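J.: Have a look at the structure that comes next, please.
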Amino acid sequence: MKRVFVNEKWCLGCHLCEYNCAFANSGLDNMAKALKDKKIYPRIRIEGDENINYAVSCRHCTDPMCVKSCITGALSINDGVITINQEKCVGCLTCILVCPYGCISQNENSVAQKCELCLKNSSGEPACVKGCPNNAIVYEER
Amino acid sequence: MKLEGEVRIPSGCAISAVISKEGNLMTGESIIKSMIPMHDRSNGLGGGFAGYGIYPEYKDYYAFHIFYNDNISRNKCESFLKDSFEIVKAENIPIKKIPEITDVPLIWRYFVAPLASTLSRLQLDEKTYVARTVTKINNEINGAYVFSSGKNMGVFKAVGFPEDVGRFYRLDEYKGYSWTAHGRYPTNTPGWWGGAHPFALLDYSIVHNGEISSYDANRRFIEMFGYKCNLQTDTEVITYIIDYLVRRQGLTLEETANVIAAPFWSTIEKKKGFDKGKYTYLRTVFSSLLVTGPFSIVLGYEGGLMALNDRLKLRSMVVGEKDDKVYIASEEAAIRAMEPGATNIYAPAGGEAVIVNVKEGKF
Amino acid sequence: MSKYVIIGNSTAAAGCIEGIRSVDNSGEITVVSGENHFVYSRPLISYYLEEKTDLQRMKYRPDDFYEKNKCNVLYGVKAEKIDKEKSEVYLDNGEKLSYEKLMIATGSSPFVPPFKGLDTVENKFSFMTIDDALAIEKTVDENSKVLIVGAGLIGLKCAEGLLEKVGKISVCDLADRVLSSIFDDECAKIMQNHLEEKGIEFLLGDSAEEFNGNTAKMMSGKDVEFDVLILAVGVRSNIAIAKEIGIDTNRAILVDNAMKTSLENIYSAGDCTEYVDFSSNSKKVMAILPNAYLQGNTAGKNMAGESAVFDNAIPMNSIGFFGLHAMSAGSYFDEKDGGKCYIEKGERHIKKLFVKDGVLSGFIIIGDVSKAGIYTNLIRNKTELSEIDFETIKKSPTLFAFSKENRGKMLGGVV
Amino acid sequence: MGIEYIYPEFEVVRNSDRCIKCGVCQRQCANEVHKLDEDLNVMLSDEAKCVNCQRCVALCPTRALKIVKSDCRLRENANWSDSTIKEVYKQASSGGVLLSSMGNPNPLPVYWDKILINASQVTNPPIDPLREPMETAVFLGKKPEKIERDENGNIKCDLAPQINLPVPIMFSAMSYGSISYNAHESLARAARELGICYNTGEGGLHKDFYEYGPNTIVQVASGRFGVHENYLNAGAAIEIKMGQGAKPGIGGHLPGAKIVGDVSKTRMIPEGSDAISPAPHHDIYSIEDLRQLVFSLKEATNYKKPIIVKVAAVHNIAAIASGIARSGADIIAIDGFRGGTGAAPTRIRDNVGIPIELALASVDQRLRDEGIRNNVSLVVGGSIRCASDVVKAIALGADACYIATSALLALGCHLCRTCQTGKCNWGIATQRPELVKRLNPDIGYQRLVNLVTAWQHEIKELMGAMGINSIEALKGNRLMLRGVNMTEKELEIFNISHAGE
């Protein structure tokens, strides 16, 4: 299964992935319209300092603690992709408590959100990958 | 309007050739006939022939065929010749006045041998000396143009359709073991006798159909070695290339063909051992002598003919046989005109040299 | 064809079913469900009251769950007795089920202390099941005064669920702080302040002693008037059926890390079990949903013939009240236990990291809980803190604290 | 301020309807032009620092940015242009030599644009490169004057060492130090994939790149940085750098600040010391000295490597080239006055040297006049911008072309011409690690491969149109060229006819 991977050697910490993610999942067709004057809730996050940066998003674990720990059954694994049914999620954040990578976060409605590889939006391929100016984020089989 | 030599003029053409492997002599009648079905491949602005083995009685002398604009240039040239050569015979080339051929210049023929004293003074071999002399006359003596300079062979050319040119020069009266012919279709010239083909240097003569795209690359390279491409024709430069490669670099005709129509790198890559090295070497060393663009040529030389097409075979050329004779022409019709019963007719592949030699001792 | 019987139909049971089916697709599975409901998420009952979810969305698994997993579910039926010799389970409808492998996932029940005069209270409820929630919902109105006995998780979630629906909520607890099982004083105070700001009244270190109709008489002597009484004092594991046939029990059924009980072919999982807390290396009842699932799932795999273990269970909780989130995990060792605590604190937030023997043993966070799973993972993996940049990770959980090489492993391959 | 003040050259235009304040511009500008003002909650720009490298423009996700030329001009004066006046101001202020980077930007004639290419019509056929073989391979090096045969009559096929290129393009010298590790890696990997060569420049060869040796030309310049036996033997050829088109007659100066870490190791000079290349090679004060160096290098490499001598195109280039051709060099590289540089004095860059087109025309002709054209190959550089420039250069007589500025453009360079600051926002002309990493060689090398592949396609198309199916037949084929807008003298030097003739 293809997953999103980051190579910190090439990550510039420009944070474009976060904005591209937020935009791709906004359901809107214009980035300015989607993000201007708004706090963004990306599903991928840059970590690091001035010298080292890398982006983190869901690893789509083969034995996912988040799915097993979800109290509502909102998280599930489908063909290897861990997805969340935000209609079901009540925002208990147990998933955040158990994700070893810190890849699940709260969205603007306080329910959990996570990278779903842009399978549910119209990006085509993960927007973070598509928009990364230095190929630091790749979408591939490993 | 610029004349031949002042400007490069592309042209289409017809070529034809015949050779007897046994060295049997043929009159020029048959080769003239071969040009008739290809009439439309010429436009009346140039035709010519070369015959080999036609001067048996003077076979040890260089036969110079020279056009003169007038007697002034003839006198100048003759006095130059006298200084350098022993002239055993000087005469007008016999012609037959026909209405199709007009504006006839003075056409002379000399059988000459270089003076031994001159050769030893200049420390030159005979052929180099003769070639230089020809170049010198053509470059420096205004109104004189040597268009044939080999031994026991001769070039006959004029402005007109080839079949008329053949009659004009009374080629039915000559006998040779091989003949080549050319009909020209220049696109932009008032026509000049010297510009007609074959083009010859020493015993090499070339008839050529095509317009090569490598011309200036070839010309600028070959001119490094003392050649001057005054006519700015493909035939001229190809003749010089062959002279350079065969006479001066000592390549065989096959090797020469592998320079002029070098195999593609992809073909060379597939060769093995020495051959691969040789092809690579030849192509690398003489890269500027690779001829591209359409051409089909027949090279005449003492004792043989070589036919060669460009690598992509962008010009037609067929070969046929009958008994001891081999025929080469732009069109099969021309071969049929010479020998209706010709067999083994085939089109040589692009870059494939067809070399036919007269049996050793038969010429 | 194997025969599996599962007593209980909640999270551990669902985990068990999925565990079995990940190994054995054909064995016969029978589920004995005391409650007359499709498997649902118990912790959601407070969210139901709060109208953050509904009965459909509360279902723990999709509607075709049993069908897909080929389970025969007996609703509204209770297991009364196990015959370990015959490998049979007797049901309260007179039928019996024979099993090859048995799962006891009986969960727990509300513990109701023997209050004096409790029978005089008209509207009294526990808060454990969907039926409890439905009954409470029917009873309360916007003028109701609600008294909740117990300031633990259940009591406070119930309070959160009801606050918008009722006139007043008071919560009493014998303990002197809220959420005493997961918070220390300092943390509890922050949460209590937050809840009080939202309008919940607390009576701590005090509890009802006696009831008289709509009045609770407190130990302090105070009288508290109420319309609705909710008893959320605590829960007790349902172990009677196990104990009866000699399965080893303590406060709950004892299981090993394969979720086997002391009897052959009998497994147990969920709130009815007691097992090792990895963070303190002591046996505990860790009645939390994730562990129930993980236990059930492990048991299911083993029942179907695999050898799975669940050996890094830790207590943990993620709870939020009115937008303020709190998380806790592992064990808290203070200095007298040989531990060390790093504290970062503000008026409305706090973070405590407990370190013992060079590893993180537990933490409590109130406030910004993002990426807390990275801490949890440190506990679960017993990661040597000397191998990471603890100064960095103390400030906020980040993979940046790991060595480049380890980070590469975490982010660079399939995990 | 006051007398010292020079109004910024560029303006940053930010479309506030589009700006989402993502801060990418701020994070990506090493010149610190952009800044989010927390109080005003707007992005502000300090335009005085902007060099118009377009990094922010290229990365702005909402296309909210553009950089425009400032329209605050000095009073118009046809003699005193704005830039001339400002240069006076700068020098009055600093007392120093003005520095610039990359090639001469001034509006001097670009002869490539005055030369047009022929195509076949009617009398001979154009050739379709999609259907027919179209060969672009060349061999660079000395060719023998005379064929020799062994006792069996077989041709002796031993050639002097050659560089075999599938396409007549190489990446010209750019030193490690003047450009980044990642830029070098991109060039090296691209050269390997393309089967061509890149050139180390004068900064030595980083140990990681020895594996690309067969596709490397190692350079020996006047500073002799990083030159040792293994280095000389590491590449496909050795280039003696006598001069550079951007700064003929002067040496180089890489400031100590850039001599850090691996750059220092590779150059074999102490960290922090300035790397100064003298103007001349101090062992070459005349042509006979050059011959000695050529043969020293041949000795050192056992006559296995062709020697390239690189010179800047200057007035007497034909005679110089003739001298080099007779020095034992296998290849002459000529660098025209538009060639790039990491740093050069502005006056030198803009006023010294001659256009490569004219230099090439006269050198090729001179070598032919002397009958020695086949003894040496000719490589030209100094602003070869596109495939048609390559075709024109070959037709004028070059064997191959060196490209560098175009290669840098492929790597992301936006020709802001401030390499000398070391703050290249595209990770090319910098040694700052956070900037260097902006050039991912996986991307960079692929773009270089794409570029040269695209040019090769175009070269084939142009050749096919001319009816030429092998690049050899194009070399020196000036009949394929015609001039427009040229004087008689220019046409004479090019030895081409005017269009219409």
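Chains as they are written, first to last, in the numbering used here: chain A, 82 to 223; chain B, 8 to 370; chain C, 7 to 421; chain D, 525 to 1025. C-beta atoms are modelled at their ideal positions from N, C-alpha and C, and glycine is treated no differently. The model shown is predicted, which means the values in this text are computed figures rather than measured ones.
#1: Please report whether the beta-carbon of TYR100 of chain A lies at a distance below 8 Å from any beta-carbon of chain D.
#2: By DSSP, does VAL200 of chain B sit in helix, in strand, or in coil?
#3: One question on the structure: do TYR136 of chain B and TYR211 of chain B come within less than 8 Å of each other, judged by their Cβ atoms?
#4: Taking only runs of the beta strand (DSSP E) that begin and end inside the region 816-891 of chain D, which ones reach a length of at least 3 residues, in chain order?
#5: Starting from the Cα of MET231 of chain B, find the closest Cα among D:ALA760, D:SER625, D:ILE896 and give me that residue.
#6: Using the C-alpha atoms, what's the distance from GLY82 of chain C back to ASN271 of chain C?
#7: What does the Cβ neighbour count give for ARG579 of chain D, buried or exposed, with the cut at 16 atoms within 10 Å?
#8: Just the Cα atoms here: how many angstroms apart are THR255 of chain C and ALA111 of chain C?
#9: Taking Cβ-Cβ distances shorter than 7 Å, what residues in chain D pair up with TRP272 of chain B?
#10: In chain A, which residues lie with their C-beta within 7 Å of the C-beta of GLY240 of chain C?
#11: In chain order, what residues of the same chain have a beta carbon less than 8 Å from the beta carbon of ALA20 of chain C, not counting five sequence neighbours either side?
#12: Tell me, please, which residues DSSP counts as bridged to ALA1023 of chain D.
#13: Look up GLY991 of chain D in the DSSP assignment and say whether it is helix, strand or coil.
#14: When you compare only the Cα positions, how much space is there between GLY35 of chain B and MET313 of chain B?
#15: Which class does TYR348 of chain C belong to by DSSP, given the choice of helix, strand or coil?
#16: In chain order, what residues of the same chain have a beta carbon less than 6 Å from the beta carbon of LEU814 of chain D, not counting five sequence neighbours either side?
#17: Whose C-beta lies closer than 7 Å to the C-beta of PRO532 of chain D among residues of the same chain, with five residues either side of it excluded?
#18: Verify the CB distance criterion: does ARG1002 of chain D have a CB-CB separation below 8 Å to chain B?
#19: Which residues in chain D have a C-beta closer than 7 Å to the C-beta of ALA113 of chain A? List them in chain order.
#20: Considering only DSSP beta bridges, list what ILE762 of chain D is partnered with.
#21: Provide the residue span of the beta strand (DSSP E) that contains MET567 of chain D, from first to last.
#22: VAL376 of chain B by DSSP, collapsed to three states: which one?
#23: I'd like to know whether the C-beta atoms of CYS180 of chain A and VAL85 of chain A end up nearer to each other than 8 Å.
#24: Measuring straight from C-alpha to C-alpha, what distance separates ALA141 of chain C and ILE51 of chain C?
#25: Between VAL835 of chain D and ILE855 of chain D, how many whole angstroms is the CB-CB distance? I'm expecting something under 8 Å.
#26: Please work out which residues of its chain come closer than 7 Å, Cβ to Cβ, to ALA105 of chain A, disregarding the five sequence neighbours upstream and downstream, and give them in chain order.
#27: Using a Cβ cut-off of 8 Å, pull out every chain B residue sitting near MET694 of chain D, in sequence order please.
#28: Anything in the region 188-201 of chain A with a Cβ closer than 7 Å to a Cβ of chain D? List those residues in chain order, please.
#29: Suppose you measure from the CA of ILE163 of chain A to the CA of LYS195 of chain A; what does that come to, to the nearest Å?
#30: Tell me the DSSP bridge mates of ASP89 of chain C?
#31: When you compare the CB positions of LEU902 of chain D and ASP923 of chain D, do they come within less than 8 Å of one another, or not?
#32: When you compare only the Cα positions, how much space is there between PHE302 of chain B and GLU675 of chain D?
#33: Is it buried or exposed for GLY357 of chain B, if we count other Cβ within 10 angstroms and need 16 for buried?
#34: Taking 6 Å as the limit between beta carbons, can you name the residues of its chain near ALA697 of chain D, skipping five residues before and five after?
#35: Which residue's Cα is closest to the Cα of ALA425 of chain C: C:LEU260, C:ASP233, C:ILE236, C:GLY240?
#36: Would you kindly work out how many angstroms separate the C-alpha atoms of ARG242 of chain C and PRO116 of chain C, rounded to a whole number?
T.: To lay it out plainly:
#1: Judged by the 8 Å Cβ criterion, TYR100 of chain A is in contact with chain D.
#2: One detail in the question is off: residue 200 of chain B reads as Trp in this sequence, not Val. DSSP places TRP200 of chain B in helix when its eight states are reduced to three.
#3: No, these two residues do not count as a Cβ contact at 8 Å.
#4: For the region 816-891 of chain D, whole beta strand (DSSP E) runs of length 3 or above, ordered along the chain, are 831-836, 855-859.
#5: D:ILE896
#6: 25 Å
#7: buried
#8: 14 Å
#9: GLU659, ALA661
#10: Ordered by position in chain A, no residue passes the 7 Å Cβ test against GLY240 of chain C, which lies about 20 Å from the chain.
#11: The residues VAL45, TYR66, ARG67, PHE71, TYR299, GLY302, in chain order, have a CB closer than 8 Å to that of ALA20 of chain C in the same chain once the five nearest residues on each side in sequence are set aside.
#12: Partner(s): none; ALA1023 of chain D has no beta bridge.
#13: GLY991 of chain D falls in the coil class under three-state DSSP.
#14: 19 Å
#15: strand
#16: ILE808, SER851
#17: Residues of the same chain with a CB within less than 7 Å of the CB of PRO532 of chain D, apart from the 5 flanking positions on each side, are GLU571, ALA572, CYS574, SER594 in chain order.
#18: Interface with chain B (8 Å Cβ-Cβ cutoff): ARG1002 of chain D is included.
#19: ASP541, ARG542, ILE544, THR586
#20: D:VAL742, D:ILE831
#21: Residues 566-569.
#22: Nothing about residue 376 of chain B can be read from this structure; chain B reaches only from 8 to 370.
#23: no
#24: 11 Å
#25: Contact flag wrong, Cβ pair sits at about 12 Å.
#26: CYS199, ASN202, SER204, ALA208
#27: Per Cβ cutoff of 8 Å: no residues; MET694 of chain D is ~17 Å from chain B at best.
#28: none
#29: 9 Å
#30: Under DSSP, ASP89 of chain C shares a beta bridge with C:GLU94.
#31: Yes, these two residues count as a Cβ contact at 8 Å.
#32: Taking the straight line joining both Cα atoms gives about 35 Å.
#33: buried
#34: The beta carbon of ALA697 of chain D sits closer than 6 Å to those of ASN723, GLY725, GLN743, all from its chain and outside the five residues before and after it, given in chain order.
#35: The structure shown does not extend to residue 425 of chain C, since chain C spans only 7 to 421, so no value can be given for it.
#36: 6 Å
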